[in-house]
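Structure first, then comments.
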Amino acid sequence: MNAARKRPQDQPMQVNTLHSLAGSLLLASALCACGGDAAPTAAPMRAVKLETVGADAPSAQLRYSAVVRQRERAELGFEAGGRVTAILVDVGSSVRKGQLLARLDAEAPRQRAVQAAANVSAAEVQLQERQAHMRQQQAMFDDGAIAQAGLSTARTALEAAQAQLQVARSERALAARTQRLTELRAPFDASVVARLIQPQAEAAPGQAVLQLEGAGQAQAVALLPPAQAALLRPGARVEARDSAGRPWPLRTDAIASRLESGAAVQVIFNVERRPAALRSGENLLLDLPAAAAPGLSVPLAAVLPAVQGAAGKVFVYQPAGAMVRQRQVSLGRIDGDRIQVTAGLVAGEQVAAAGAAFLGDGQKVTPYQGASRLNEKEAQ
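All letters in the sequence shown, in the order written, are residues -38 to -1, 1 to 342 by mature numbering (1 follows the signal peptide of the UniProt record, and there is no 0).
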């Protein structure tokens, strides 16, 4: 019975002991947490590349594509048309000026030439008859044997015979020309770059049969924005590179006076070196200087563009606080990799030239110092 009476008295003591232990654990946890907040790790300052507004900005280089072609080029076809009986060259063939390239079936033109020659002979005989008749009528009129009407009739017949002979001779010349046009000859020294029809096919008048390109002056043709084309003048030198990175000096030859498709100007450049390694249709990359932007400008990477309007934000460096402050600016046109700033900046201020998307207003920064390994060794 004594043991049964002691159990109700022991339970409050066990509960109090558990409460004390829990409190001790909570106090220890709180002290540990407070101890962790007492020594926070300092975040490293971001290094930013700065650019002084209004200082001489690096000249931007713009790249445009140009297509290589030959100055002398021709697309040849038969003027008269007909069945192609022979094509004597193929793609890659080198030809000389005047060389026979292809032939049409010449039977029909030959027969028309024979017919035209016969018509000339008949007209000449007829004219001789009319001339003899005219002389006879003139003699009879002089003797008073015929009236004036008879002489007039003979003169009219003579004039008609003379006109008929002229027509026959013109038809003979046209027939001879048609016969000559059954042969296709090279207009200059060239190479064949395309063969567009096969022998025994019917060629329509003017249909292209062969494409030729000369082997002399190579050219590069580019479509440039009007503002960029306005910076060029005939004779100006331009640098270009091919797909292998080889340089090709060019000289401006001609600048079109109209817009192509309403948005670009065609500019033709002459390749100054003999283009042994260039092929027609190959692309060259032109390195052209961008137009100088009036007023102040900053790199495109320095601007956070606004959603609407010609405005944006840049980060201006504050040396006193070693921080950048965000500032709204008004923007102008884009020139290469730079953009004009029309308002919001003053010459001499420094802005973060890159990484604007990763900066915040009032963020502590350190100017980026570009040092080479050689400088580091010398400093040591």
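From the three backbone atoms N, C-alpha and C, an ideal C-beta is built for every residue, glycine too.
Report buried or exposed for residue i, applying the criterion of at least 16 other Cβ atoms within 10 angstroms of its Cβ.
i: T328; result: exposed
i: A202; result: buried
i: I296; result: exposed
i: P261; result: buried
i: A175; result: The question names Ala, yet the displayed sequence has Glu at residue 175. The residue in question, E175, is buried, as its Cβ has 16 or more Cβ neighbours within 10 Å.
i: D(-29); result: Reliability of the predicted coordinates at D(-29) is poor, the pLDDT of 46 falling under 50, and no value is obtained from them.
i: A239; result: exposed
i: K326; result: exposed
i: A78; result: buried
i: R92; result: buried
i: Q160; result: exposed
i: A85; result: buried
i: T144; result: buried
i: Q99; result: buried
Just to confirm before moving on: does the CB-CB distance between residue i and residue j stay below 8 Å?
i: A122; j: R74; result: no
i: A318; j: L266; result: yes
i: A273; j: Q290; result: yes
i: A282; j: V229; result: no
i: A226; j: A264; result: no
i: N232; j: Q181; result: yes
i: L321; j: L258; result: no
i: T115; j: P71; result: no
i: D249; j: R25; result: yes
i: Q312; j: L12; result: yes
i: A165; j: V46; result: yes
i: A309; j: V15; result: yes
i: R241; j: V30; result: yes
i: A28; j: A206; result: no
Where does the unbroken beta strand (DSSP E) through residue i begin, and where does it stop?
i: A9; result: 8 to 10
i: G44; result: 44 to 49
i: S292; result: 285 to 297
i: R220; result: 209 to 222
i: V76; result: Note, V76: premise wrong, no beta strand (DSSP E); alpha helix (DSSP H) at 69 to 104.
i: L66; result: 62 to 66
i: A268; result: Segment: none, A268 is in no beta strand (DSSP E) and carries neither H nor E.
i: V171; result: 170 to 176
i: A305; result: 300 to 305
i: S259; result: 258 to 261
i: P329; result: 325 to 329
i: D249; result: 245 to 251
Helix, strand or coil for residue i, going by three-state DSSP, please let me know.
i: E34; result: coil
i: R142; result: helix
i: A165; result: strand
i: G310; result: coil
i: Q126; result: helix
i: A(-35); result: Any reading at A(-35) must be qualified, since the residue scores a pLDDT of 42, below 50, and its modelled position is unreliable; no value is offered.
i: E121; result: helix
i: L240; result: coil
i: E133; result: helix
i: Q110; result: helix
i: F231; result: strand
i: A152; result: strand
i: A225; result: coil
i: L(-14); result: Because L(-14) carries a pLDDT of 37, less than 50, the predicted location of this residue cannot be relied on, and no value is offered for it.
i: A318; result: helix
i: A116; result: helix
i: G39; result: strand
i: C(-5); result: Low confidence applies here, because C(-5) scores a pLDDT of 48, under 50, leaving its location unreliable; read the following figure in that light. It is helical.
i: K59; result: coil
i: R195; result: coil
i: L158; result: coil
i: P282; result: Reading off the sequence, residue 282 comes out as Ala, not Pro. The answer is coil: DSSP assigns A282 none of H, G, I, E or B.
i: Q179; result: coil
i: A206; result: coil
i: A1; result: Bear in mind that a pLDDT of 48 at A1, under 50, signals an unreliable position, so the model cannot answer this.
i: V276; result: strand
Can you check whether the C-beta of residue i is within less than 8 Å of a C-beta belonging to chain B?
i: R203; result: Absent here is chain B; the protein component of the structure consists of one chain.
Would you mind reading off the limits of the alpha helix (DSSP H) that contains residue i?
i: A202; result: Premise fails: A202 lies in the beta strand (DSSP E), 199 to 203, not in any alpha helix (DSSP H).
i: Q190; result: 188 to 191
Since residue i and residue j should fall inside the 8 Å C-beta cutoff, what is the C-beta to C-beta distance between them, to a whole number of angstroms?
i: G44; j: D67; result: 5 Å
i: A152; j: V57; result: 6 Å
i: L89; j: L127; result: 5 Å
i: L146; j: L63; result: 5 Å
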